[in-house]
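*Asks:* Please see the structure below; I have some questions.
2 protein chains.
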Amino acid sequence: MRSESPDATGRPMTDANADHSLDAFHRGRFWLVQPRNAGHRAGMDAMMLAAAVPGDFSGEVADFGAGAGAAGLAVIARCGTARATLVENEPAMAEFARLTLAHPHNTELASRARVLIADVTLAGKPRAEAGLADNAYDFVMMNPPFNASADRATPDALKRAAHVMADGLFEAWIRSAAAVVKPRGGLAVIARPQSLQPILTALKGRFGSARILPIHPRADSAAIRIVVRATRAARGGLSLEPPLFLHDAGSGRFSPRADAIANGLASLFGD
Amino acid sequence: MRSESPDATGRPMTDANADHSLDAFHRGRFWLVQPRNAGHRAGMDAMMLAAAVPGDFSGEVADFGAGAGAAGLAVIARCGTARATLVENEPAMAEFARLTLAHPHNTELASRARVLIADVTLAGKPRAEAGLADNAYDFVMMNPPFNASADRATPDALKRAAHVMADGLFEAWIRSAAAVVKPRGGLAVIARPQSLQPILTALKGRFGSARILPIHPRADSAAIRIVVRATRAARGGLSLEPPLFLHDAGSGRFSPRADAIANGLASLFGD
Chain X
1 MRSESPDATG RPMTDANADH SLDAFHRGRF WLVQPRNAGH RAGMDAMMLA
51 AAVPGDFSGE VADFGAGAGA AGLAVIARCG TARATLVENE PAMAEFARLT
101 LAHPHNTELA SRARVLIADV TLAGKPRAEA GLADNAYDFV MMNPPFNASA
151 DRATPDALKR AAHVMADGLF EAWIRSAAAV VKPRGGLAVI ARPQSLQPIL
201 TALKGRFGSA RILPIHPRAD SAAIRIVVRA TRAARGGLSL EPPLFLHDAG
251 SGRFSPRADA IANGLASLFG D
Chain Y
1001 MRSESPDATG RPMTDANADH SLDAFHRGRF WLVQPRNAGH RAGMDAMMLA
1051 AAVPGDFSGE VADFGAGAGA AGLAVIARCG TARATLVENE PAMAEFARLT
1101 LAHPHNTELA SRARVLIADV TLAGKPRAEA GLADNAYDFV MMNPPFNASA
1151 DRATPDALKR AAHVMADGLF EAWIRSAAAV VKPRGGLAVI ARPQSLQPIL
1201 TALKGRFGSA RILPIHPRAD SAAIRIVVRA TRAARGGLSL EPPLFLHDAG
1251 SGRFSPRADA IANGLASLFG D
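Here the protein sequences line up with chains X and Y, keeping their order.
Residue 1 is where the first sequence starts when you use this note's numbering, and the numbers rise one by one after that.
Residue 1001 is where the second sequence starts when you use this note's numbering, and the numbers rise one by one after that.
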């Protein structure tokens, strides 16, 4: 994945001459066609989200806000019989997801994935008509467009669109997840810690047995992301898992655990 | 504090022949008179809560649900000019707080503390009439009675009363905290991770710049407590701090950081 995750030779696996890039993930097990200088480029967030799915998962996952398909492909690359629906509302990004599935490097995976252009904030009949049927998925994962205030300087309209957080966004996304997932199906959300309250409130009465996993750059710094996993209609209480520290002290490289998770070799929740 | 924190000789500092005990905290800087076999005995929770107050705090702290006064005394033992109001609704426990302040070992601290028997779930005029005036405190800390399902076996009525969690408990306690604390005053709450959603919802619109600090027994186990600190009417977002691990791997003793925090030698949030 981008420059953080070069291939075995140390070179970033990127096609040099195009307005899109072709980037290797999971050490070359799959490739992503994505905008080079525009839109939301996939990276560590998508890999962490995908790593929240248990390793023995074998059903169909819906990737809400799939972008070019990074998280969905990461799941089916790790879980050999799983299938993925890449749900993206932005036609320009969905086109990158289509190009990703059509790329010869991804032939095997593409047979287990499809792209759906749909607005996951729809409800009721319009949502079903958009292709998101009730009780259709075994797992829903989401990387909702959150308000990255640190990114405010960016002039790029596509990137802005992907980062603007509307009030009630988590409520709408998680409401749809609860509708389309099967009973006892799973949910995984990656977000900033600032979004914890709206996420937990949206889970209430829909998903239970929530597990929060904080992701910190280092052992002595505040979390930059949380991954929340929960189960539809489960009744267990919330737990706060041991955190993931991306880097060891004094090192710019990923810690061994972070590297394994980023490359599809370990799951975030130990299963 | 109790057997986890014996004095320098290794003996628990407890009076042997009474239905109450006299227990040393902060390595003998203050002592607590508390029921030996009944009620809620103070321990690590109270010390962690007190450690959430900044070291340079010099105002008046209200300790909601003070019990025998452990957290309030821990704050004024560490913060040399701070004053504490120990707010306890259970007369039997408030009597222990009185005995604590009256004990000769605590003479200096007692001059900066008082006991108030009051129900912190009151609102409006009844709350003020109970002695909890609006805008009266610089900091409110609370260890609300949470439902310790692991303790269900206990037959003790007092302990049960301290552990029963009513719906809306955090809403009521935090509503009162917001009323009695001064503008820009502080709040600290210790609770189980399961209570995160009601806590964050109760903070909304009242306290901002919340900082959550998870407390784990060890680096590889889920958190058993959270301490949440926030500021009245502040507008900052939530942060998720690096966790505290109570024990190092393979050790039954407190880690150096946990020991320092338990003994009033370090603050939980590094200030």
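Note that CB positions come from ideal geometry on N, CA and C, so glycine has one too.
(1) Have a look at Y:R1112 and Y:A1050 and give me their C-alpha separation to the nearest angstrom.
(2) Within 8 Å, do at least three Cβ pairs link the stretch 1019-1036 of chain Y to the stretch 1124-1131 of chain Y?
(3) Rounding to the nearest angstrom, what Cα-Cα distance links X:A230 and X:F207 in this structure?
(4) Scan the stretch 224-255 of chain X for residues whose Cβ lies nearer than 7 Å to a Cβ of chain A and list them as they occur along the chain.
(5) Return the first residue and the last residue of the beta strand (DSSP E) that X:E60 is part of.
(6) To the nearest angstrom, how far is the alpha carbon of X:A153 from that of X:S251?
(7) Against chain Y, which members of the stretch 198-214 of chain X pass a CB distance test of less than 7 Å?
(8) Are the Cβ atoms of X:L240 and Y:I1226 separated by less than 8 Å?
(9) Ends of the beta strand (DSSP E) at X:F57?
(10) Beta-carbon of Y:P1193 versus every beta-carbon of chain X: anything under 8 Å?
(11) Measuring only the C-alpha atoms, how far is Y:A1074 from Y:G1028?
(12) With DSSP as the reference, label X:L132 as helix, strand or coil.
(13) Quick check: the stretch 1077-1084 of chain Y against the stretch 1053-1060 of chain Y, are at least 3 beta-carbon pairs closer than 8 Å?
(14) Closer than 8 Å, CB to CB, is Y:L1196 near chain X or not?
(15) Who are the near neighbours of Y:G1069 in its chain, counting only those whose CB is closer than 6 Å to its CB and skipping five residues on each side?
(16) Closer than 8 Å, CB to CB, is Y:D1023 near chain X or not?
(17) Roughly how many whole angstroms lie between the Cα atoms of X:S221 and X:L244?
(18) Excluding the five sequence neighbours on either side, which residues of its own chain have a C-beta within less than 7 Å of the C-beta of Y:F1170, listed in chain order?
(19) Going by DSSP, what residues sit across from Y:H1216 in a beta bridge?
(20) For X:A62 and X:F139, what's the separation of their Cα atoms in angstroms?
(21) What is the rounded straight-line gap between the Cα of Y:E1090 and the Cα of Y:I1117?
(22) Inspect the beta-carbon positions of X:N135 and X:K182 and report whether they are closer than 8 Å.
(23) Could you check how far apart the C-beta atoms of X:L109 and X:V120 are, in whole angstroms? I think they sit under 8 Å.
(24) Give a yes or no on whether the C-beta atoms belonging to X:I215 and X:M47 are separated by under 8 Å.
(25) Does the beta carbon of X:D220 come closer than 8 Å to any beta carbon on chain Y?
(26) Where does Y:K1125 sit, in a helix, a strand or coil, going by DSSP?
(27) In angstroms with no decimal places, state the Cα-to-Cα distance between X:R192 and Y:E1088.
(28) Between which two residues does the beta strand (DSSP E) harbouring Y:I1117 extend?
(29) Specify, as a first and last residue, the run of the alpha helix (DSSP H) that Y:F1025 falls within.
(30) Output yes or no for whether 8 Å exceeds the beta carbon distance between Y:S1209 and Y:G1236.
(31) For X:H216 and chain Y, any beta-carbon pair shorter than 8 Å?
(32) Drop a sphere of 10 angstroms on the beta-carbon of Y:G1270, count the other beta-carbons inside from all chains shown, and report buried for 16 or more, exposed for fewer.
(33) Using the Cα positions of X:R260 and Y:R1083, report the straight-line distance between them to the nearest angstrom.
(34) State the beta-bridge partners of X:L268 as determined by DSSP.
(35) Tell me which same chain residues have a C-beta within less than 7 Å of the C-beta of Y:A1279, skipping the five on either side of it?
(36) Give every residue of the same chain whose Cβ lies closer than 7 Å to the Cβ of X:P217, excluding the five residues on either side of it in the sequence, and list them in chain order.
*Replies:* Here's the rundown:
(1) Position 112 of the second sequence, counting from 1, holds the residue named residue 1112 of chain Y. Position 50 of the second sequence, counting from 1, holds the residue named residue 1050 of chain Y. Rounded to whole angstroms, Y:R1112 to Y:A1050 spans 16 Å at the Cα level.
(2) no
(3) Along the first sequence, one-based indexing puts residue 230 of chain X at 230. Along the first sequence, one-based indexing puts residue 207 of chain X at 207. CA-CA distance, X:A230 to X:F207, rounds to 6 Å.
(4) The structure shown contains no chain A; the protein chains it does contain are X and Y.
(5) For the purposes of this step, residue 60 of chain X is taken as the residue at position 60 of the first sequence. Per DSSP, X:E60 is one residue of the beta strand (DSSP E) stretching across E60 to F64.
(6) Locating residue 153 of chain X in the first sequence gives position 153, counting from the first residue. Locating residue 251 of chain X in the first sequence gives position 251, counting from the first residue. Summary for X:A153: the model assigns pLDDT 49, below 50, so the residue's position carries little reliability; its value from the coordinates is reported in the next sentence. If you take the alpha carbons of X:A153 and X:S251, they lie about 28 Å apart.
(7) Hits within the stretch, in order: L200, T201, K204 and P214.
(8) Counting from one through the first sequence, the residue named residue 240 of chain X turns up at place 240. Counting from one through the second sequence, the residue named residue 1226 of chain Y turns up at place 226. Their beta carbons are under 8 Å apart, which means X:L240 touches Y:I1226 by this criterion.
(9) Working through the first sequence from its first residue, we reach residue 57 of chain X at position 57. X:F57 -> no beta strand (DSSP E), and no H or E assigned at all.
(10) The count along the second sequence starts at 1 and reaches residue 1193 of chain Y at position 193. It does; some Cβ of chain X falls within 8 Å.
(11) Along the second sequence, one-based indexing puts residue 1074 of chain Y at 74. Along the second sequence, one-based indexing puts residue 1028 of chain Y at 28. Rounded to whole angstroms, Y:A1074 to Y:G1028 spans 11 Å at the Cα level.
(12) As a first step, residue 132 of chain X must be located in the first sequence, where it is residue number 132. Three-state DSSP puts X:L132 in coil, outside helix and strand.
(13) Under the Cβ criterion (8 Å, minimum of three pairs), the stretch 1053-1060 of chain Y counts as touching the stretch 1077-1084 of chain Y.
(14) Translated into the one-based positions of the second sequence, residue 1196 of chain Y becomes position 196. At least one CB of chain X lies nearer than 8 Å to the CB of Y:L1196.
(15) In the second sequence, counting from the first residue as 1, residue 1069 of chain Y sits at position 69. Cβ neighbours of Y:G1069 beyond the five flanking positions: L1086, A1097 and T1100.
(16) By one-based count along the second sequence, residue 1023 of chain Y stands at place 23. Closer than 8 Å: no.
(17) Against the first sequence, residue 221 of chain X aligns to sequence position 221. Against the first sequence, residue 244 of chain X aligns to sequence position 244. Approximately 12 Å between the Cα atoms of the pair.
(18) As a first step, residue 1170 of chain Y is located in the second sequence; it is residue number 170 there, counting from the start. Cβ neighbours of Y:F1170 beyond the five flanking positions: P1144, S1195, P1198, I1199 and A1202.
(19) Residue mapping note: residue 1216 of chain Y aligns to position 216 of the second sequence, counting from 1. Paired residue(s): Y:F1245.
(20) In the first sequence, the residue the question calls residue 62 of chain X occupies position 62. In the first sequence, the residue the question calls residue 139 of chain X occupies position 139. Taking the straight line from one Cα to the other gives about 6 Å.
(21) Numbered from 1 along the second sequence, position 90 holds the residue referred to as residue 1090 of chain Y. Numbered from 1 along the second sequence, position 117 holds the residue referred to as residue 1117 of chain Y. Going from the Cα of Y:E1090 to the Cα of Y:I1117 covers about 7 Å.
(22) What you label residue 135 of chain X is simply residue 135 of the first sequence in a count that begins at 1. What you label residue 182 of chain X is simply residue 182 of the first sequence in a count that begins at 1. The answer is yes: Cβ separation under 8 Å.
(23) In the first sequence, counting from the first residue as 1, residue 109 of chain X sits at position 109. In the first sequence, counting from the first residue as 1, residue 120 of chain X sits at position 120. Wrong, their Cβ atoms sit about 22 Å apart, outside the cutoff.
(24) Start at 1 with the first residue of the first sequence, and residue 215 of chain X comes out as number 215. Start at 1 with the first residue of the first sequence, and residue 47 of chain X comes out as number 47. Against a cut-off of 8 Å, the Cβ pair of X:M47 and X:I215 comes out as no contact.
(25) Counting from 1 along the first sequence, the entry for residue 220 of chain X is found at position 220. Taking Cβ atoms only, chain Y reaches closer than 8 Å to X:D220, which makes this a yes.
(26) Locating residue 1125 of chain Y in the second sequence gives position 125, counting from the first residue. DSSP places Y:K1125 in helix when its eight states are reduced to three.
(27) On the first sequence, residue 192 of chain X is found 192 positions in, with the first residue counted as 1. On the second sequence, residue 1088 of chain Y is found 88 positions in, with the first residue counted as 1. About 37 Å.
(28) Indexing the second sequence from 1 puts residue 1117 of chain Y at position 117. First-last of the beta strand (DSSP E) with Y:I1117: A1113 to I1117.
(29) If you number the second sequence from 1, residue 1025 of chain Y lands on position 25. Segment H1020 to F1025 is the beta strand (DSSP E) holding Y:F1025; no alpha helix (DSSP H) there.
(30) Locating residue 1209 of chain Y in the second sequence gives position 209, counting from the first residue. Locating residue 1236 of chain Y in the second sequence gives position 236, counting from the first residue. The beta carbons of Y:S1209 and Y:G1236 sit closer together than 8 Å.
(31) Residue numbering aside, residue 216 of chain X sits at position 216 when the first sequence is read from its first letter. Chain Y contact via Cβ: present.
(32) Position 270 of the second sequence holds residue 1270 of chain Y. Exposed, by the Cβ-count rule.
(33) Counting from 1 along the first sequence, the entry for residue 260 of chain X is found at position 260. Counting from 1 along the second sequence, the entry for residue 1083 of chain Y is found at position 83. Looking at the sequence shown, residue 260 of chain X is not Arg but Ala. Straight-line Cα distance between these residues: approximately 51 Å.
(34) The residue labelled residue 268 of chain X in the question sits at position 268 within the first sequence. DSSP, once it has assigned bridges, lists no residue as partnering X:L268.
(35) With chain Y covering only 1001 through 1271, there is no way to say anything about residue 1279 of chain Y.
(36) To locate residue 217 of chain X, count along the first sequence from 1; it is residue 217. If we look at X:P217 and ignore the five residues flanking it on each side, its Cβ neighbours are I224, L246 and H247.
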